[in-house]
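A short worksheet on the structure shown next.
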Amino acid sequence: MLSIITPVYNSERFIAACIEAVIGQHCSDLEHIIIDGGSTDRTVDIIQQYADRYPHIRWRSEPDRGQSDAMNKGITMASGTVMGVLNVDDEYEPNVLNDVVDRFQSLPEPSLLVGNCNIWDDDGRLIEVNKPGKLGLFDLVVGVNVNPYPCNPAAYFYHISLHQRIGLYSLDDHYSMDLDFILKAVQAANVVYVDRTWGNYRRLEGTKTVNDMKKGQMNHRVNQLLKHYRKDLPLLQQMQLVLRDHWATAAYFLRKPQALPEAIKAKMFKLSSAAR
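Per the UniProt record's numbering, the sequence shown starts with residue 1, numbered consecutively.
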């Protein structure tokens, strides 16, 4: 069975479309687990209406500690051997779930199956197609400007037993838990990339991810996480990345020599502040 987990909170605008998107996959070997964080709008009423009509929908509503907590609750409720996470404002491409179920029939456990993901803006314009074709740890920690990582769980699925090896989602991380999961998973699972578009991720104004991007904090979080996982690489690969970083910095200043004085000044100020 395939378990799709949807964490939700005060999302009456999207929850019906999300539920309908899963129903529209026409996947018989499926359960849709919806974990509501104690919504105060009509979200719970809408979930209840659908659950009364569709037995594959299971749900719970209670206060939680955020999205990671909701996903962990869904994992503990799941009956399937394979799972995916569908955020309430995202959706799948047609006929994805049956394809995924078929592919997992021949994969060893635990496996992580990754496809491509469309990224849309708030006006319905396609920004780009995320194609994370290189999924080794070294490839991922090099940096997003070199190799993209899977940007949204609507485009990947995995054996639920993978969590027995890497643990559940961190309750303290409310922003980069998906990337943290991927960086753990590629070290513990059989990883398969499929060059097909499976997911649709919408960058909607006002969401925590878009707000984080606008504040310039998202890149910092990602870089800190990648830096942390670089320590898991063999020493030779760590040295390769250090050399690559130095070459990339040198190349940048060769292209933009006017930026060098300010960079030196900023570095000296940082060292001076640390010495105080």
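Cβ coordinates follow ideal geometry from the N, Cα and C atoms, glycine included.
Residue i: first and last residue of the uninterrupted alpha helix (DSSP H) it sits in
i	result
D195	Where D195 is concerned, there is no enclosing alpha helix (DSSP H), although the beta strand (DSSP E) it sits in stretches over 190 to 202.
D69	67 to 77
T43	43 to 53
V22	15 to 23
Those residues which DSSP pairs with residue i across a bridge
i	result
S161	DSSP, once it has assigned bridges, lists no residue as partnering S161.
T6	I34
V62	It should be noted that the sequence gives Glu, not Val, for residue 62. Paired residues: none, contrary to the question.
E91	N200
I57	H32
CB contact flag (residue i, residue j, <8 angstroms)
i	j	result
L86	I4	yes
I57	H32	yes
N147	D139	yes
F157	G74	no
L97	L241	no
I19	R60	no
D121	P153	no
A185	I166	yes
G37	H174	no
V141	L233	yes
residue 281	N118	With the chain running from 1 to 276 in the structure shown, residue 281 is simply not present.
R230	Q224	no
L162	A188	yes
S176	R221	yes
G124	L226	no
Y54	I23	yes
P132	Y193	yes
D29	V101	yes
Residue range of the unbroken beta strand (DSSP E) whose run includes residue i
i	result
residue 345	With the chain running from 1 to 276 in the structure shown, residue 345 is simply not present.
M83	82 to 85
R221	Where R221 is concerned, there is no enclosing beta strand (DSSP E), although the alpha helix (DSSP H) it sits in stretches over 217 to 230.
Using a Cβ distance threshold of 8 angstroms, determine whether the stretch 107 to 116 contacts the stretch 37 to 49, with at least three qualifying pairs required. no
Would you call the stretch 84 to 100 and the stretch 186 to 200 in contact, with 3 or more CB pairs under 8 angstroms? yes
Which ranges does the alpha helix (DSSP H) cover as unbroken runs of at least 4 residues, wholly within the stretch 102 to 165, from first to last along the chain? 137 to 141
Indicate whether the contact test is met: 3 or more Cβ pairs, each with one atom in the stretch 127 to 137 and one in the stretch 69 to 85, closer than 8 angstroms. no
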